[in-house]
Amino acid sequence: MSKENQTAKVSLIDQIWNFFSSVKLAVIVFIAISATSIIGTIIEQQAEPQKNLIVLKKLFGESASPYIYNILDFLGFTNMYHSWWFVLLLFIFAANLVICSIERLPKILKTIKEPASPLTYEQFKSMPIRDEVVLGEDIDHVKEKTVSALKKAGFKTAIFEENDNTQIFAEKGRFSRLGVYITHLSLLTILIGAVVGIYLGFNGYLNLLEGEQSSFAYSKNENEIPLGFEIRCDDFDVSFYEKTDTPKSFLSILTIIENGKEVLTKTIGVNEPLRYKGITFYQSSYGFSPSMSSLFKFKVISKNGETEDIALRFGETFTVPDSNVKGTVSDFSPALAIDKRGRLFTYTESMNNPAVFIEFTENGKSVYNQWILKRYPETWTIPTGTVEFRDLWGAQYTGLQVRKDPGVWLVYLGCFLMSIGLYVAFFMSHSRIWVRLSRNKGKTTLSLAATTNKYKASLQRKIEKIIRRG
Amino acid sequence: MDSSLFYGISTIAYIIAMVAYIAYLAFKKSPIGIGATILTSVGFASHTVAFILRWKEFDDIMQMGLLRSIPLTNLYESLVFFVWCIILVYLVIEFKYKNKSFGAFVTPIAGMALAFIDISGVSKDIHPLIPALQSNWLLAHVTLSFIAYATFAISFATALMYLVVTTDDRKNGVYIFWTITVGLFAVILIAMALDFLVLKIILGGKESLVKNYLFKTTFRNPSGLVVAASYISSLILIFIVWRFGYILKKLISSFSISENLLDELTYKNIAVGFPVFTLGGLIFGAIWADQAWGRYWSWDPKETWSLITWFVYALYLHARFLRGWRGKKIAILAVIGFFSTIFTYLGVNLLLSGLHAYGGI
Ligand code: HEM
């Protein structure tokens with residue numbers, strides 16, 4: 012079909028196809044997604060109206076802000092990344108990518124499959140890079156040297172003998188033409204992965220007190236999501252940077268129970284989640300919720316080194332081994348501090364500096380009492396030994412983010428492909444060199460023509476090096 | 221030995237070098253140019269030493285292993301690293317292309333970043349890391365992002381130079397665009413220099429009293445009169461750049477840099493920055509978020525702005541294939557891309573809020 016014919020008979024479908032295969036549409040979509048996303052970063056997403064009204068008041072003044080808010084809300088800007096039009100934009104983006112690739116792939120594949128061939132005189136003249144030198148050696152010698160120099164530089168070579176001259180064809184990076192397509196394919200893979208995650212996965216949370224177990228996670232709106240197994244929190248622990256309240260790490264020991272059997276126990280921390288049957292548990296927060304059944308755990312060591320691990324409830328009594336001294340837990344503070352006048356107080360409702368007050372008696376008579384602080388070993392010593400405050404167990408809960416995302420592997424695959432695709436697209440190029448050698452009164456004329464799809468100057472430099480060496 | 225001493229040396233070297241590069245562009249005396257290069261190289265060496273020392277200091281305090289202790293945990297350290305990357309890329313380009321005229325456009329970006337550290341009062345202390353930030357992915361994410369930002373900064377400079385040498389019709393939109401950009405660039409640089417001078421020389425040792433000094437001598441001055449005068453002088457300065465832009469064109473053209481070279485340099489820097497940003501900025505960031513919070517993407521403002529920046533550069537790369545976009549239009553995109561980069565890096569923290577580490581100053 013000739014060109015005129017084609018334009019005369021473009022059907023509607025062709026028009027749509029052409030529209031969706033154009034880079035122009037890509038440019039429009041890029042601009043549209045970026046511009047609307049900017050609004051989405053100014054308007055807080057899925058937030059209470061009040062918060063955004065304050066922002067709008069600052070930008071547009073008192074009187075206009077409610078109207079602007081209503082308009083933005085109506086257009087979906089308060090939850091824009093999930094609005095129908097944003098999803099439509101992403102869909103157009105994907106369609107553009109697919110159709111554009113389908114349209115161009117055959118041409119690229121043809122370039123890749125194209126067999127090596129010598130150039131005609133005219134083709135030779137039209138190449139973007141050309142050079143010519145006359146060498147004092149005979150043609151076979153030059154041929155050998157050129158081929159080996161090209162091979163050394165990573166080129167594949169083919170030799171064509173013609174009537175009066177020889178052409179050497181050298182090529183490198185043929186497959187680098189696919190880099191752009193790998194990149195585009197990777198984008199689709201990521202988008203598909205995201206869609207799979209949204210429709211087949213869930214995002215929930217679960218707070219588990221030490222010792223508790225659950226077979227559900229909870230969605231944002233408090234709906235139960237069945238897990239298919241049970242999960243128990245055996246222990247939770249925070250450690251702090253010395254003398255600060257900045258947590259250094261927080262860890263939970265979790266056990267998976269399936270059909271009444273414990274199948275797996277793992278310690279998780281921030282950045283180290285637990286995965287089981289496609290569901291992932293992330294350490295995301297923690298909290299303090301003590302009860303009368305929480306257990307104080309001590310390691311008590313007597314003067315002559317006898318050690319005993321003790322666990323007891325608030326108000327209960329233990330005996331220091333090898334003695335008649337009994338201790339009773341009579342006060343507790345999750346975060347003990349001392350003010351300027353020497354008064355003790357609890358500075359926050361979380362176990363930042365847990366402390367117990369123990370009253371010691373000997374034969375029923377009060378002998379001494381003291382605060383024992385978990386984070387300060389110097390407070391553990393008592394006249395008849397040491398009482399190490401190990402933990403208050405069953406008082407802290409671990410905050411877990413629970414996620415199932417069957418699409419995440421596609422997203423990761425896409426990321427991997429994109430890294431490769433971009434590397435190939437930007438750091439590799441497809442170069443072809445033709446060298447024609449002809450006899451010239453005992454000397455050899457070497458003419459060269461070359462083309463590349465990228466970084467012309469660097470190919471030129473490379474060629475100069477090769478010629479100089481050859 | 222203390223890292224801050226070496227930082228001090230490098231800051232002073234860079235700032236004098238910046239002045240020297242600008243003087244070299246204006247007067248074209250080769251001793252000035254050589255001096256500028258030497259100063260930049262000395263500053264860079266000292267900066268490298270400082271970085272290594274700070275790394276060691278950090279390691280001594282944190283005891284988390286050498287790799288985890290790379291000093292890139294707060295705004296201060298990231299700004300300093302950003303400057304280090306810019307200077308590195310710049311020196312490579314200067315040596316490769318044997319042309320010092322870029323210096324006058326690149327070093328002011330580094331100078332602004334350094335002045336910003338001092339006058340905005342960002343905390344220079346070493347802070348312990350909260351658990352979510354103890355991740356190798358985060359480390360790779362931050363390091364690569366700043367390398368990409370540095371290449372974007374250079375492409376901004378070369379794109380701007382491209383616009384300067386290709387237009388001189390005062391009524392042309394492109395001309396107006398670059399004169400306003402260069403004018404604003406100069407206004408911000410001068411305003412920051414004034415803050416810096418007032419803070420260092422007049423207030424001297426009392427700098428700890430002033431938390432955030434950015435634009436306090438000019439646009440944010442308590443006196444309304446000074447504020448008005450600042451805006452008026454800014455407009456006048458932009459007007460002067462617009463009126464006499466052809467002088468700048470002549471200056472740059474006299475360095476025998478062709479439009480094509482500037483276009484190529486812009487593309488090459490973006491061609492390196494784009495994949496590095498994709499891998500480091502977006503992919504590693506997503507992996508880190510996935511491991512820390514269980515969501516690889518949450519449309520947080522910082523993430524969204526990274527994506528916007530990414531789209532602007534994707535736009536740059538694709539618009540090259542459209543007829544009529546090559547040349548000036550895509551150079552404008554490269555300039556906008558860097559504005560978007562800066563906003564991603566600073567604007568989101570200063571103007572919008574987010575979950576990220578560099579929240580607030
Ligand atoms: C954000 C999404 C996208 C990314 C990251 C991306 C990435 C790339 C990259 C890296 C290149 C190579 C550029 C160069 O060599 O300078 C490229 C080229 C190209 N892209 Fe995209 N792309 C995206 C979206 C699209 C879309 C939606 C289309 C749809 C039309 C498209 C069509 C093209 C075309 C036609 C080329 C030129 C291919 C060639 O050199 O033959 N891209 N893309």
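Going down the list, the protein sequences come from chains B and X. Following my numbering, the numbering of the first sequence begins with 12 at its first residue and continues without gaps. Following my numbering, the numbering of the second sequence begins with 221 at its first residue and continues without gaps. Quick reminder that beta carbons are idealized off the backbone N, C-alpha and C, glycines included.
- Close to chain B, meaning a Cβ-Cβ distance shorter than 7 Å, are the following residues of the segment 522–550 of chain X: T524, W525, L527, I528, F531, V532, A534, L535, H538, A539, F541 and L542.
- Going by C-alpha positions, L359(X) is about 9 Å away from S289(X).
- Take S295(B), set aside five residues on each side of it, and the residues of its chain with a beta-carbon closer than 7 Å to its own are G410, L411 and Q412, in chain order.
- Contact holds between the segment 432–444 of chain B and the segment 462–471 of chain B, because three or more Cβ pairs, one in each stretch, are under 8 Å apart.
- Closer than 7 Å to some heavy atom of ligand 1: that describes the Cβ of H195(B).
- In this structure, N335(B) is the residue among N335(B), K163(B) and S344(B) with its C-alpha nearest to the C-alpha of T372(B).
- Taking a cut-off of 8 Å on C-beta distances, the segment 92–104 of chain B does not touch the segment 68–80 of chain B, as fewer than three cross pairs fall below it.
- The bridge partners DSSP lists for K272(B) are E269(B).
- According to the DSSP assignment, P388(B) belongs to no alpha helix (DSSP H), since it is labelled neither H nor E.
- In this model, I113(B) and L120(B) are separated by some 11 Å (Cα to Cα).
- Chain B places no beta carbon closer than 8 Å to that of Y369(X), leaving this residue out of the contacts.
- Within the DSSP bridge table, the entry for E241(B) names I268(B) as partners.
- Comparing C-alpha distances from Y132(B) to each of F261(B), T177(B), P258(B) and P117(B) shows the shortest one belongs to T177(B).
- Within the DSSP secondary-structure output, V145(B) pairs in a beta bridge with T456(B).
- Taking a C-beta cut-off of 8 Å against chain B, the contacting residues of the segment 495–506 of chain X are P495, T498, L499, I503 and A506, listed in chain order.
- The C-beta of P284(B) comes closer than 8 Å to at least one C-beta of chain X.
- With a cutoff of 8 Å on beta-carbon distance, V532(X) and I556(X) are scored as near each other.
- Separation of T357(B) and D342(B) (C-alpha to C-alpha, rounded to the nearest whole angstrom) is 12 Å.
- For A335(X), the closest of A539(X), L434(X) and H538(X) by C-alpha to C-alpha distance is L434(X).
- For the 8 Å CB-CB criterion, Y80(B) and Q56(B) do not form a contact.
- Taking the C-beta atoms as reference points, A554(X) is found nearer than 8 Å to I490(X).
- Contacts between K156(B) and chain X, judged by CB atoms closer than 9 Å, are missing: the closest CB pair is about 30 Å apart.
- Using a Cβ-Cβ cut-off of 9 Å, K35(B) is close to L542 of chain X, given in chain order.
- Per DSSP, F322(X) lies in no beta strand (DSSP E) and is assigned neither H nor E.
- Using a Cβ-Cβ distance cut-off of 8 Å, the segment 525–539 of chain X and the segment 35–42 of chain B are in contact, since at least three pairs of beta carbons, one from each stretch, lie closer than that value.
- Shown in chain order are the members of the segment 284–314 of chain B whose Cβ falls below 9 Å from a Cβ of chain X: P284, T291, F292, Y293, Q294 and S295.
- With contact defined as three or more Cβ pairs closer than 8 Å, the segment 136–144 of chain B and the segment 62–71 of chain B are not in contact.
- If you ignore the 5 residues before and after K183(B), its C-beta comes within less than 6 Å of the C-beta of G165, F166 and S442, all in its own chain and listed in chain order.
- Under the Cβ criterion of 8 Å, C426(B) is counted among the residues facing chain X.
- Look at M429(B): its C-beta is under 8 Å from a C-beta on chain X.
- With contact defined as three or more Cβ pairs closer than 8 Å, the segment 317–325 of chain X and the segment 250–258 of chain X are in contact.
- Under the Cβ distance rule, G514(X) counts among the residues neighbouring chain B, one pair being separated by less than 8 Å.
- Within a 10 Å sphere around the beta-carbon of E221(B) sit 16 or more other beta-carbons, which makes this residue buried.
- Each residue's CA atom was taken as its position, placing G204(B) and K522(X) some 22 Å apart.
- Not one heavy atom of ligand 1 sits closer than 7 Å to the Cβ of N218(B).
- Of N174(B), L70(B), N90(B) and I50(B), the smallest CA-CA separation from E59(B) is found for N90(B).
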